[in-house]
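K.L.:
Here the sequence shown stands for residues 1 to 538, where the numbers follow the UniProt record's numbering. Below: one structure in structure tokens.
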Amino acid sequence: MVTPEVAPPGRDDSPTRAAPEGSPAGPTGRKPPAARRGLREQARIARVLGLTGAILMGISALGSGAFPVPNPLNGLRVIGLPARNVTLAIAITYAGLLMVVTAWLWIARMLTARGARHPAPERRELTRTAILWGIPLAVAPPMFSKDIYSYLAQSATLARGIDPYTIGPAQALGIDDPLTRGIPTIWRDTPAPYGPLFLGLGRIITGLSGENVVLGIMEHRLLALAGVAMIVWALPRLAARFDLDAGLVLWLGAANPLVLFHLVSGIHNESVMIGLMLVGLHVVLGRDDTIQPWWRITLGAGLIVAAAAVKLPALLALGFVGVHLVRRRGGRVVDWVVMTSWLTAIAAVVLSVFSFATGLGFNWLRGLSAPSKILSWMSVSTDFGLLAGQVGRLAGLGDHTEATLALARGLFVVPMVLIIVVLLLACLRGRLDPLTGTGAGLVTFVLLSPVVHPWYLFWGLLPLVATRAMPRYRRAMLLLSAFLALVVPPTGADFIFRAFQLPLAVIAGIVMFGLSLLVVRQLLRAPATTGPTAEPAR
Numbered sequence: 001m002v003t004p005e006v007a008p009p010g011r012d013d014s015p016t017r018a019a020p021e022g023s024p025a026g027p028t029g030r031k032p033p034a035a036r037r038g039l040r041e042q043a044r045i046a047r048v049l050g051l052t053g054a055i056l057m058g059i060s061a062l063g064s065g066a067f068p069v070p071n072p073l074n075g076l077r078v079i080g081l082p083a084r085n086v087t088l089a090i091a092i093t094y095a096g097l098l099m100v101v102t103a104w105l106w107i108a109r110m111l112t113a114r115g116a117r118h119p120a121p122e123r124r125e126l127t128r129t130a131i132l133w134g135i136p137l138a139v140a141p142p143m144f145s146k147d148i149y150s151y152l153a154q155s156a157t158l159a160r161g162i163d164p165y166t167i168g169p170a171q172a173l174g175i176d177d178p179l180t181r182g183i184p185t186i187w188r189d190t191p192a193p194y195g196p197l198f199l200g201l202g203r204i205i206t207g208l209s210g211e212n213v214v215l216g217i218m219e220h221r222l223l224a225l226a227g228v229a230m231i232v233w234a235l236p237r238l239a240a241r242f243d244l245d246a247g248l249v250l251w252l253g254a255a256n257p258l259v260l261f262h263l264v265s266g267i268h269n270e271s272v273m274i275g276l277m278l279v280g281l282h283v284v285l286g287r288d289d290t291i292q293p294w295w296r297i298t299l300g301a302g303l304i305v306a307a308a309a310v311k312l313p314a315l316l317a318l319g320f321v322g323v324h325l326v327r328r329r330g331g332r333v334v335d336w337v338v339m340t341s342w343l344t345a346i347a348a349v350v351l352s353v354f355s356f357a358t359g360l361g362f363n364w365l366r367g368l369s370a371p372s373k374i375l376s377w378m379s380v381s382t383d384f385g386l387l388a389g390q391v392g393r394l395a396g397l398g399d400h401t402e403a404t405l406a407l408a409r410g411l412f413v414v415p416m417v418l419i420i421v422v423l424l425l426a427c428l429r430g431r432l433d434p435l436t437g438t439g440a441g442l443v444t445f446v447l448l449s450p451v452v453h454p455w456y457l458f459w460g461l462l463p464l465v466a467t468r469a470m471p472r473y474r475r476a477m478l479l480l481s482a483f484l485a486l487v488v489p490p491t492g493a494d495f496i497f498r499a500f501q502l503p504l505a506v507i508a509g510i511v512m513f514g515l516s517l518l519v520v521r522q523l524l525r526a527p528a529t530t531g532p533t534a535e536p537a538r
């Protein structure tokens, strides 16, 4: 990454607003200094670098994407070419991925150092940039996950009158069903772990697409994009409570590579869950700490519960909203009774409506433990359980890995609950605002739960982006996002049968990325050495 120029001694560095890009004059009517022109050029090059990476990812997804079985592109003359050389397609994907992540970090650095010497892109430019980066991923085949095929199969199971919370797609639809064949083997016999709202929406999609997998993918992507749109709408409004820069909040949140890769490209239903939760939080909390009218409290709480009807952990936000409202109303016993009763009634009504609308009642609660059937390396509790099992084997005590795994996962529930209770008490005492409490509580829940995927961290990170806590932990959040963007293969597979492909593709992708940085370096040097309007040396 290129470090922004530092203005030479004697130059006026007062914090004046930079002229719009392309404007021939600065705020005083004079031509801007060469250093400021160079920094605006850096912003433009960073945006182009990210767009180039997104386009490369979109094109290479034709070969490296998480395709159904059989691949519908097989046999096509031109569009099917990337699928004939998967290793090259994956390499190009990683090169584009690194370009997007680098450009995102580059622009984030400009935004965190705004001023006369750092004329970072404005909010309108950032919004346009994020949309342009997202378009190639939105029209390309899905990448990074095959969960979309589980969504389709489970929704089709419900549409056929079978309970998807009792049996898996393989039993319900048959192993040779086109909606089942794209699901990874480990999930084919797993019941649905999602809430009734999401499966109800999926049943509508199934009614429109039938067994057409491609059409079903497109419809689910539109649903995911609707969730991202809710995130884009809610984040700056929540940030206004803390007088944060809306452009920076949107860039760190909605334009985050994890959002682009896993919500837009990967089509995870976290987009709907988080979008509903953030909108609900904004409706309940408003722009300040004043108590909102009852209709807003009811509507906002209903939206939060709707988010929980996609994935249940979103219900934690209702707890922080509840203690916040109790504190604002005075913290008396009557306040506890009124708010607890009202919010509980809203949750009961909304969940009941969605549950019985599917015709299955509360059977969806059975499937909540389904994800824990896999061993997630990012889960601390799972790692401890596996480590304890291996130590027992080495000590000659026998293989008790399943027992140690279950014990470790159970024990880690205790610190999870304790931390969340402490956060709730801090919110009740006014030491913690409900938005920060929700984000911190969800991060705690994810990190100590039995299963952790990179996109699960969105649950807490996106609310935290719009709080006072983010400026303090911004650097850690940037590094964490960049790291997690690189750890999931674009095909959504584990490369069990073609283990040589991934390392070769990664190495080739890094080489391509290095060549792109050389081009960027030359472009950055060009204005300083050949620019016709460069300032004379002082």
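Note that CB positions come from ideal geometry on N, CA and C, so glycine has one too. Note that the coordinates shown come from a computational prediction; the quantities given were computed from them, not determined experimentally.
Glycine 437 CB to nearest chain C CB: under 8 angstroms?
P.N.:
You won't find chain C in this structure, because it holds only one protein chain.
K.L.:
Assign leucine 76 to one of three DSSP states: helix, strand, or coil.
P.N.:
coil
K.L.:
Counting only the same chain and skipping the five closest in sequence on each side, list residues whose C-beta sits under 6 angstroms from that of proline 136.
P.N.:
Ala54, Ile55, Gly58
K.L.:
Restricting to Cα atoms, I'd like to know which of Tyr165, Gly300, Leu418 is closest to alanine 192.
P.N.:
Tyr165
K.L.:
Alpha carbon to alpha carbon, how far is alanine 348 from residue 540? Give it in angstroms, no decimals.
P.N.:
The shown model of the chain, from 1 to 538, leaves out residue 540, and the question about it has no answer.
K.L.:
Taking 8 angstroms as the cut-off, decide whether the C-beta atoms of arginine 123 and glycine 216 are in contact.
P.N.:
no
K.L.:
Write down the C-beta distance between leucine 252 and isoleucine 297 rounded to the nearest angstrom, noting that I regard them as a contact closer than 8 angstroms.
P.N.:
The pair is not a contact, with the Cβ atoms about 29 angstroms apart (cut-off 8 angstroms).
K.L.:
Report yes if the C-beta distance between glycine 509 and leucine 98 is below 8 angstroms; otherwise report no.
P.N.:
Glycine 509 places its beta carbon less than 8 angstroms from that of leucine 98.
K.L.:
Any contact between the segment 83-97 and the segment 60-70? By contact I mean 3 or more CB pairs, one from each, below 8 angstroms.
P.N.:
yes
K.L.:
Taking residue 586 as part of the alpha helix (DSSP H), name the residues at either end of that continuous run.
P.N.:
Missing from the structure shown is residue 586; the chain here goes from 1 to 538 and no further.
K.L.:
Which ranges would you report for the alpha helix (DSSP H) in the segment 82-143 if only whole runs of at least 4 residues count?
P.N.:
86-111, 123-139
K.L.:
Would you call the CB atoms of leucine 502 and proline 454 closer than 8 angstroms?
P.N.:
no
K.L.:
Here's a check: name, in chain order, each residue in its chain whose Cβ is nearer than 7 angstroms to the Cβ of arginine 379, leaving out the five neighbours to either side.
P.N.:
A small fix is needed here, since residue 379 is serine in this sequence, not arginine. For serine 379, where only same-chain residues beyond five positions count, the Cβ hits under 7 angstroms are Ser449, Pro450, Val451, Val452.
K.L.:
Does the distance from the CB of serine 150 to the CB of histidine 268 come in under 8 angstroms?
P.N.:
no
K.L.:
Measuring CA to CA, which of Asp288, Thr180, Gln292, Leu457 is closest to proline 313?
P.N.:
Leu457
K.L.:
Counting C-beta neighbours from all protein chains within 10 Å, is the total for isoleucine 496 16 or more, i.e. buried, or is it exposed?
P.N.:
Here the model assigns isoleucine 496 a pLDDT of 43, short of 50, so the residue's position is not dependable, and the following value carries that caveat. When all chains shown are included, isoleucine 496 counts as exposed.
K.L.:
Look at proline 463 and threonine 438 and say whether their C-beta atoms are less than 8 angstroms apart.
P.N.:
yes
K.L.:
Whose C-alpha, out of Val101, Pro141, Asp147, is nearest the C-alpha of alanine 130?
P.N.:
Val101
K.L.:
Which residues bound the alpha helix (DSSP H) around proline 471?
P.N.:
469-484
K.L.:
I need the boundaries of the alpha helix (DSSP H) containing arginine 393, first residue and last residue.
P.N.:
From DSSP, the alpha helix (DSSP H) with arginine 393 extends over 380-394.
K.L.:
Short of 6 angstroms in beta carbon distance, which residues of its chain neighbour alanine 406, apart from the five on each side in sequence? Order them along the chain.
P.N.:
none
K.L.:
Helix, strand or coil: which one does DSSP assign to arginine 521?
P.N.:
helix
K.L.:
Start and end of the alpha helix (DSSP H) containing histidine 268?
P.N.:
Histidine 268 -> no alpha helix (DSSP H), and no H or E assigned at all.
K.L.:
Taking the alpha helix (DSSP H) that tryptophan 295 belongs to, which residues open and close that run?
P.N.:
294-308
K.L.:
Only counting the same chain, and skipping five residues up and downstream in sequence, which positions put a Cβ closer than 7 angstroms to that of threonine 157?
P.N.:
Within the same chain, threonine 157 has close Cβ partners Pro164, Pro169, Ala172, Leu173.
K.L.:
Taking C-alpha atoms, which residue in Gly302, Thr382, Thr444 lies nearest to serine 352?
P.N.:
Gly302
K.L.:
Quick one, which of Ala482, Thr436, Thr444, Phe67 has its alpha-carbon nearest arginine 472's?
P.N.:
Thr436
K.L.:
I'd like the span of the alpha helix (DSSP H) that includes residue 543, first residue to last.
P.N.:
Residue 543 is absent from the structure shown; the chain starts at 1 and stops at 538.
K.L.:
Hey, would you say glycine 182 sits closer than 8 angstroms to valine 69, going by beta carbons?
P.N.:
Yes.
K.L.:
Since leucine 126 contacts leucine 51 with CB under 8 angstroms, what's their CB separation in whole angstroms?
P.N.:
Contact doesn't hold; Cβ gap of about 13 angstroms is too wide.
K.L.:
Would a C-beta distance cut-off of 8 angstroms place glycine 266 and proline 142 closer than the cut-off?
P.N.:
yes
K.L.:
Please determine whether the Cβ atom of isoleucine 510 lies at a distance below 7 angstroms from any heavy atom of the ligand SAH.
P.N.:
Among the components of this structure there are no ligands whatsoever, and the ligand SAH is therefore not found.
K.L.:
Would glycine 441 pass as a contact of leucine 316 if the rule is Cβ separation under 8 angstroms?
P.N.:
It is a contact, given that the beta carbons lie within the stated cut-off.
K.L.:
Closer than 8 angstroms by C-beta to glycine 430: which residues in its own chain qualify, once you throw out the five before and the five after it? Chain order, please.
P.N.:
Arg327
K.L.:
Identify, in the order they occur along the chain, each residue of the same chain with its Cβ nearer than 8 angstroms to the Cβ of arginine 30, setting aside the five sequence neighbours on each side.
P.N.:
Since pLDDT at arginine 30 reaches only 46, below the 50 mark, its modelled position is unreliable, and no value is offered.
K.L.:
Compare the Cα-Cα distances from tyrosine 94 to each of Arg521, Gln522, Ala505 and report the closest residue.
P.N.:
Ala505
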